[in-house]
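Going by the working numbering, the sequence shown runs without a break in its numbering and finishes at 235.
Worksheet: one structure, shown below.
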Amino acid sequence: MAATAKYSSSPTLPLLHKVATVTVSSRGIGRTIALHLASLGAKLIINYITNSTLAQETHILNACPGIVDLYQLSIASTTVESFEKTLNVNTKDTFLCIREAVNRLKRGSSGQIVTFSVAVSEDSKVPKPSGVFRTSTIAVEEMTKILANELKGTKITANCVAPGIIATELVLSMANKEMLEIIASESPLLRLGEPKDIVAIIEFLVSDDGEWVNGQVVRLGEP
13 MAATAKYSSS PTLPLLHKVA TVTVSSRGIG RTIALHLASL GAKLIINYIT
63 NSTLAQETHI LNACPGIVDL YQLSIASTTV ESFEKTLNVN TKDTFLCIRE
113 AVNRLKRGSS GQIVTFSVAV SEDSKVPKPS GVFRTSTIAV EEMTKILANE
163 LKGTKITANC VAPGIIATEL VLSMANKEML EIIASESPLL RLGEPKDIVA
213 IIEFLVSDDG EWVNGQVVRL GEP
């Protein structure tokens with residue numbers, strides 16, 4: 013199990029002596045987060061836990077989503093197979109990750125859980141994700157809030173980050189030039205969000221400075 017002593021971090025390596033598990037980290041937002049946490053001194057477990065000893069010493073969990081059928085048509089046109097697949101990838105997988113993390117994080121020692129959703133504005137001209145996809149991410153938001161309450165008094169925080177549309181390989185492969193221009197025009201900064209725009213809030217939430225933020229859904233880049 014993790015040592016009971018509380019390590020002190022350095023100004024340049026604030027996550028020194030911490031272990032972070034980052035899921036879906038081979039590309040896109042997950043990869044950017046993993047590289048950034050490593051630059052702050054954290055040891056990384058990528059995608060899934062294979063070493064039981066190291067797994068028991070995890071301090072940080074970033075559960076990034078694995079998107080399925082992002083822009084499928086209406087709920088009425090969604091097949092049962094697609095519904096189950098989307099919820100399995102986005103909701104069930106997140107549940108399994110945070111359940112495992114909660115059972116391994118040491119009570120009374122600083123620990124952070126960060127899940128992911130998506131920011132959607134009903135007034136925006138940006139195409140909306142499918143109803144099933146949005147359902148799967150809203151479930152993650154509510155699960156995170158409930159988890160934070162269940163962990164009261166343990167010094168383990170749980171928060172959800174919900175960015176707007178980010179220019180990942182997946183999004184760029186799905187959207188044409190016209191759609192990308194619309195997305196950029198609706199952004200507060202009139203540009204597409206990039207994975208690097210997410211890492212600052214992640215750094216804050218998993219640092220000692222962010223311990224007072226708990227049970228929150230932090231929306232980023234929403235029009």
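No residue lacks a Cβ here, since even glycine has one placed at the ideal position from N, Cα and C.
Excluding five sequence neighbours on each side, which residues of the same chain lie with their C-beta closer than 6 Å to the C-beta of G176?
The answer, listed in chain order, is A131, G205, G233 and E234.
Which whole-angstrom value describes the C-beta separation of F145 and T98, a residue pair presumed to lie in contact below a C-beta threshold of 8 Å?
At roughly 6 Å, the Cβ-Cβ gap stays under 8 Å, so F145 and T98 are in contact.
In terms of residues, what are the limits of the beta strand (DSSP E) holding L125?
For the record, residue 125 in the displayed sequence is Ile; it is not Leu. First-last of the beta strand (DSSP E) with I125: G123 to F128.
My parser needs the beta strand (DSSP E) runs of 3 or more residues fully inside the segment 157-206; what are they?
Runs of the beta strand (DSSP E) inside the segment 157-206: 168-175.
The beta strand (DSSP E) that contains T33, what's its start and end?
From DSSP, the beta strand (DSSP E) with T33 extends over V31 to V34.
So does the segment 148-159 actually touch the segment 187-195, counting three or more Cβ pairs closer than 8 Å?
No: fewer than three Cβ pairs fall under 8 Å.
Could you tell me which of A212, A32 and G143 sits nearest to C109, measuring between CA atoms?
Closest option to C109, Cα to Cα, is A32.
Please report the distance separating the alpha-carbon of V211 from that of E181.
Those two C-alpha atoms are separated by around 17 Å.
If you follow the beta strand (DSSP E) that R111 is part of, which residue opens it and which one closes it?
No beta strand (DSSP E) holds R111; the alpha helix (DSSP H) holding it covers D105 to R116.
According to DSSP, simplified to helix, strand and coil, what is I57?
Strand at I57.
Between A160 and G227, which are expected to be in contact by the criterion C-beta below 8 Å, what is the C-beta distance as a whole number of angstroms?
Indeed they touch by this definition, with Cβ atoms about 3 Å apart.
In angstroms with no decimal places, state the Cα-to-Cα distance between T24 and S89.
Rounded to the nearest angstrom, the two C-alpha atoms are 51 Å apart.
Once the 5 residues before and after V230 are set aside, which same chain residues still bring their CB inside 8 Å of it?
These residues qualify, in order along the chain: N171, C172, V173, A174, I213 and L217.
Out of E223, L47 and K104, state which residue places its alpha-carbon closest to the alpha-carbon of T169.
Of the listed residues, the one whose Cα sits closest to T169 is E223.
Just checking my contact of H29 with E215 at CB under 8 Å: how many whole Å lie between their CB atoms?
That pair is no contact at about 16 Å.
So what does DSSP say about V225, is it helix, strand or coil?
If DSSP states are grouped into helix, strand and coil, V225 belongs with coil.
If you run the structure through DSSP and keep just helix, strand and coil, what is R231?
DSSP places R231 in strand when its eight states are reduced to three.
Closest to A179 by CA distance: which of R203, K164 and L52 is it?
With distances taken between Cα atoms, A179 lies closest to R203.
So, is D221 buried or exposed, given that buried needs 16 or more other C-beta atoms within 10 angstroms?
Burial call: exposed.
Just checking my contact of L52 with V34 at CB under 8 Å: how many whole Å lie between their CB atoms?
With a Cβ gap of about 13 Å, L52 and V34 do not count as contacting.
Does the separation of the CB atoms of R119 and K167 fall below 9 Å?
The answer is yes: Cβ separation under 9 Å.
How many angstroms separate the CA atom of L184 from the CA atom of G165?
About 42 Å.
Do you know offhand how far E112's Cα is from D105's?
Distance between the alpha carbons of E112 and D105 is about 11 Å.
With DSSP run on the structure shown, which of helix, strand or coil describes G42?
Residue state, collapsed to three classes: helix.
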